[in-house]
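So the structure is just underneath, and the comments pick up after that.
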Amino acid sequence: MTLNTLNHETPLSRETLLSRETLLAHAEAAIRLIPPAWPLAATVAVNPFLGQTGDDLATVGARLGRIAGVKTTMPRNWYRERIATGAISDADLEAALAACPHFVKPADLAALKAKIATEAPAPAALPSIADLAAEISGLDWPALIADRIGFWAAGYFDEGQALWAAPRGKRPFTAWRAFATQDLTPELHGLTGFAARAQDWPDDPLAVIAEAQSALNLPAEALTSYFHQMLHGLLGWSQTARYRLWQAELAGETDAATLDMLAIRLAFEITLFAQYEGPIRALWKPIIAEHAKPVAASESLIIDAILQEAADRAGQRNLAHILAAPAPATAETRPAVQAAFCIDVRSEVFRRALEEADPTIRTKGFAGFFGVFAQHRRFGSDVGEKRLPVLLNPTVFTCTLQADSDTERKARYAARARRAWGRFKRAAVSSFAFVEATGPVYLGKLLKDGLGLTKTPVPKDPPPRFGAGLDAETKVKSAEMVLRAMALTENFGRIVLLAGHGANVVNNPYASALHCGACGGFSGEVNARLLAHLLNDPEAREGLKAKGIEVPEDTLFLGALHDTTTDAVTLYDTDTPSPAHAAEIATLKASLARAAIIARAERAPKLPGARSDADIIARARNWAELRPEWGLAGCRAFLAAPRHRTAGKALEGRAFLHDYDWQADAKNGYPVLELILTAPVVVASWISLQYYGSTVAPEVYGGGNKLLHNVVGGIGVLEGNGGPMRTGLPWQSVHDGESFRHEPLRLTVGVEAPAEAITAILAKHEGVRALFDQRWLHLFAMDAEGGLTQRYIGNLDWEAEGTAKAKGTAKLAA
3 MTLNTLNHET PLSRETLLSR ETLLAHAEAA IRLIPPAWPL AATVAVNPFL GQTGDDLATV
63 GARLGRIAGV KTTMPRNWYR ERIATGAISD ADLEAALAAC PHFVKPADLA ALKAKIATEA
123 PAPAALPSIA DLAAEISGLD WPALIADRIG FWAAGYFDEG QALWAAPRGK RPFTAWRAFA
183 TQDLTPELHG LTGFAARAQD WPDDPLAVIA EAQSALNLPA EALTSYFHQM LHGLLGWSQT
243 ARYRLWQAEL AGETDAATLD MLAIRLAFEI TLFAQYEGPI RALWKPIIAE HAKPVAASES
303 LIIDAILQEA ADRAGQRNLA HILAAPAPAT AETRPAVQAA FCIDVRSEVF RRALEEADPT
363 IRTKGFAGFF GVFAQHRRFG SDVGEKRLPV LLNPTVFTCT LQADSDTERK ARYAARARRA
423 WGRFKRAAVS SFAFVEATGP VYLGKLLKDG LGLTKTPVPK DPPPRFGAGL DAETKVKSAE
483 MVLRAMALTE NFGRIVLLAG HGANVVNNPY ASALHCGACG GFSGEVNARL LAHLLNDPEA
543 REGLKAKGIE VPEDTLFLGA LHDTTTDAVT LYDTDTPSPA HAAEIATLKA SLARAAIIAR
603 AERAPKLPGA RSDADIIARA RNWAELRPEW GLAGCRAFLA APRHRTAGKA LEGRAFLHDY
663 DWQADAKNGY PVLELILTAP VVVASWISLQ YYGSTVAPEV YGGGNKLLHN VVGGIGVLEG
723 NGGPMRTGLP WQSVHDGESF RHEPLRLTVG VEAPAEAITA ILAKHEGVRA LFDQRWLHLF
783 AMDAEGGLTQ RYIGNLDWEA EGTAKAKGTA KLAA
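Numbering (the numbering used here), first residue to last: 3 to 816.
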């Protein structure tokens with residue numbers, strides 16, 4: 003089949019055909035606009051606007067409106083309600099208007115208010131060939147295409163859920179061609195000759211992409227936009243393919259799965275165009291012209307972006323008011339216990355509760371992977387779990403017992419037996435006989451599980467250890483790096499608690515999304531226990547003395563796991579038994595238990611149907627519970643500062659809290675500040691923007707209704723028994739049934755450090771700088787009292803807070 007086969011009326015000249023290099027460049031540009039999606043076993047929050055953060059909110063709204071009909075802000079009535087109640091003030095609106103980077107915008111506050119009195123027009127996506135064919139034929143071709151590609155992809159990308167796995171070893175396009183030649187569903191619905199065409203196509207996805215460019219008369223200027231639309235229409239599956247590329251690039255390799263998904267989608271477009279070419283041709287020409295236009299924000303989108311900026315600033319006023327409250331005095335004496343928790347917003351509630359339960363305890367915040375970049379093999383498993391931020395590669399390999407351990411060998415045999423039994427239960431041949439023969443035996447278990455009497459076990463693997471062992475130099479270097487990053491280099495307590503976190507829930511496909519994002523979607527006890535083991539090592543401590551860090555001989559580091567669903571904390575105090583600390587450990591356990599009661603009392607009123615401490619605990623074991631906890635809903639701030647700036651201030655579980663001492667860091671050239679801005683802040687931005695996207699555009703970037711979820715391939719969920727694979731957060735994770743639990747505000751980052759130091763780091767990291775320049779995040783330098791005193795306004799420039807000036811750029815409205 004030649005490139006011009008489907009373009010009978012006006013074949014393209016040789017000059018119009020684009021080179022493979024040009025086609026590949028545009029395909030690559032479109033692929034970079036698709037965010038990856040991690041499988042359910044290790045789900046992490048992903049910014050749905052990833053790849054587009056070099057543009058501002060209004061411009062991205064124009065792009066997504068054009069290719070998918072997506073709105074990137076809340077409906078205007080949401081903002082009008084907040085203006086009417088005073089939550090968004092006139093000062094917020096005026097400041098947002100002045101800060102708007104577009105020339106085409108309302109002249110003043112009165113003009114802005116006049117514009118927002120009416121609702122903005124809903125975005126309308128440009129029709130695809132499938133949309134035009136559906137309009138002409140009355141057949142829902144887009145739904146059929148999504149169904150057939152999804153049916154194939156569920157088998158191809160399967161992560162072990164399928165009992166009869168699809169053949170492996172072929173690239174996606176090759177595997178799909180083999181499937182398409184046998185799948186008669188498109189032809190039964192009227193797509194004549196589709197299976198034969200699939201047989202005739204060369205085993206080269208770029209050849210199909212080239213054919214689409216020729217057949218559909220696509221100029222180079224339209225390709226990235228159109229290709230983006232094709233991939234976005236397969237969101238879920240294209241994100242799964244994009245995940246494979248992400249993982250490959252971390253390993254210094256590449257992967258063509260996303261390119262193959264583009265070719266597969268275009269194959270349907272080519273065939274539909276051939277079938278309906280007569281009536282489609284005239285309709286298609288102006289659509290191509292729209293795709294070819296540069297993306298530019300309309301006046302309506304600019305106004306919506308101004309409203310979002312005003313809402314963000316209103317939230318910042320509230321945050322500044324909380325931070326301005328006096329902080330409780332802290333004693334300079336040696337603390338009995340220092341407790342380091344993950345910076346996760348859920349830890350903020352528990353840290354306050356713990357400090358209230360026992361004022362002698364001082365808490366710290368640090369990213370939950372605790373500086374251990376580990377690929378971990380759990381007890382009785384061969385799977386390497388990447389327990390570190392997904393932006394990074396593992397640098398150490400860790401495990402539990404050695405592979406030849408008798409205990410571990412028995413655990414492996416038991417696990418294999420359970421897997422074999424499970425497959426026997428579900429297999430097509432044996433499942434019915436199994437139910438008839440053994441069904442009554444399961445009655446007790448079903449009743450127990452249904453009544454919520456079954457507890458999910460707390461992870462209690464044997465102590466994890468560094469697989470190959472660490473030499474003395476590596477131990478010291480690693481220990482120093484972590485302690486300096488934690489701002490913990492002196493005045494150590496007798497006990498230093500390192501608490502990772504995880505969620506204890508049942509019957510929840512999104513369970514891993516409630517675990518630690520900094521640990522790659524796993525619970526954080528492994529990293530905490532590994533770091534405790536390292537910092538208890540005599541060789542590491544001896545080497546630290548030469549680095550100016552002297553850990554007292556009587557200081558014991560303890561790993562722990564904070565269950566964010568029940569607020570129970572498990573201590574792994576047998577990892578390094580210490581009879582000398584028995585009394586302090588007993589006291590600590592009592593304090594943690596009191597703190598759990600305080601934290602649950604704060605959380606209960608916010609969870610629908612929870613009225614007591616017992617209700618919170620019961621939710622973790624309830625098969626039918628849609629909201630076992632709120633996760634990170636409500637997150638709106640990231641603060642890097644000493645704990646005494648935020649101690650005792652009720653941030654209501656909405657702030658990521660990272661301990662940071664800029665004066666100590668300045669002596670070494672601000673390496674810790676650079677780490678914070680380029681790793682924890684970026685991870686927090688992914689979390690914040692996933693919640694934002696799942697709230698403002700739940701139909702596209704949300705996970706749908708939990709009540710209807712069906713797991714597919716162990717990768718994601720379908721809403722019902724078909725349709726697109728859903729990514730993002732379920733509706734029940736952002737809405738309580740009556741109102742939004744997550745207020746869609748972009749994250750405010752406050753750092754107690756000189757603005758010049760922050761600027762120097764932004765200048766080195768273009769991707770991080772873009773997040774702030776385009777206001778996907780807001781950045782403030784904090785003063786010595788914790789005030790948000792200097793606002794970053796972009797282009798490596800700052801202004802004193804409250805002095806916003808009108809600014810404009812060369813960006814013009816359409």
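Even glycine gets a Cβ: it sits at the ideal position worked out from N, Cα and C.
Comparing alpha-carbon positions, which option in the options lies nearest residue i?
i    : options                : result
T24  : R65, P221, R728        : P221
A312 : P607, G789, R777       : R777
A31  : F368, F229, E768       : F229
H517 : P37, V753, A44         : A44
H583 : P607, L558, H564, T572 : L558
E552 : G495, P756, Q249, A530 : G495
F270 : V210, L325, L52        : V210
G173 : T256, A93, P554, E544  : In the sequence on display, residue 173 carries Arg and not Gly. Nearest C-alpha to R173: T256.
Measuring CB to CB, does residue i end up less than 8 Å from residue j?
i    : j    : result
P511 : L42  : yes
G730 : S690 : no
Y662 : A481 : no
F371 : L390 : yes
A2   : G725 : One cannot answer for residue 2 here, as it falls past the ends of the chain, which runs 3 to 816.
Q241 : S130 : no
A622 : I678 : no
A180 : A294 : no
V719 : G705 : yes
G526 : G504 : yes
E541 : G636 : no
T397 : R467 : no
L95  : K107 : no
L236 : M263 : yes
I36  : G63  : no
L560 : I497 : yes
L128 : E279 : no
A135 : I282 : yes
Looking only at its own chain, which residues have a Cβ that is under 6 Å from the Cβ of residue i, when we skip the five neighbours before and after it?
i    : result
E758 : none
N797 : none
E121 : R78
E11  : Low confidence applies to E11: its pLDDT is 36, below 50, so where it sits in the model is not reliable, and the reading given next is rough at best. Answer for E11: no residue qualifies.
A816 : Reliability fails at A816, whose pLDDT of 29 lies under 50, so the model's placement of it is uncertain and no value is given.
V571 : A562, H564, L594
D205 : T176
W800 : A757, Q792, Y794
A182 : A200
Pull the bridge partners of residue i from the DSSP assignment, please.
i    : result
V753 : A642, A783
K388 : Q377
M727 : L720
H583 : Note: H583 sits in no beta bridge, so no partner.
F742 : H737
D408 : According to DSSP, D408 bridges with nothing at all.
N712 : L720
R364 : Q340
V351 : Paired residue(s): none; V351 is not in a bridge.
D799 : G796
V571 : H564
Leaving aside the five residues before and after residue i along the sequence, list all residues of the same chain whose C-beta is less than 7 Å from its C-beta, in chain order.
i    : result
A359 : S593, R596, A597, I600
D569 : F352, A598, A601, R602
Q734 : L628, R629, K708
D133 : P144
Starting from the C-beta of residue i, find all residues in its chain whose C-beta is less than 8 Å away, skip the five residues before and the five after it, and write them out in chain order.
i    : result
E189 : G195, F196, A197
P644 : A489, D661, Y662, D663, E754
I760 : L675, L679, V753, L781, A783, Y794
R638 : G317, L321, R656, A657, S690, E745, L747, L749, T750
Which whole runs of the alpha helix (DSSP H) in the segment 459 to 488 are 4 residues long or more, in chain order? 474 to 487
Taking only runs of the alpha helix (DSSP H) that begin and end inside the segment 278 to 302, which ones reach a length of at least 4 residues, in chain order? 279 to 294
Entirely within the segment 621 to 697 and at least 4 residues each: give me those alpha helix (DSSP H) ranges in chain order. 664 to 668, 673 to 680
Those runs of the beta strand (DSSP E) which lie wholly inside the segment 161 to 194 and span at least 3 residues: none
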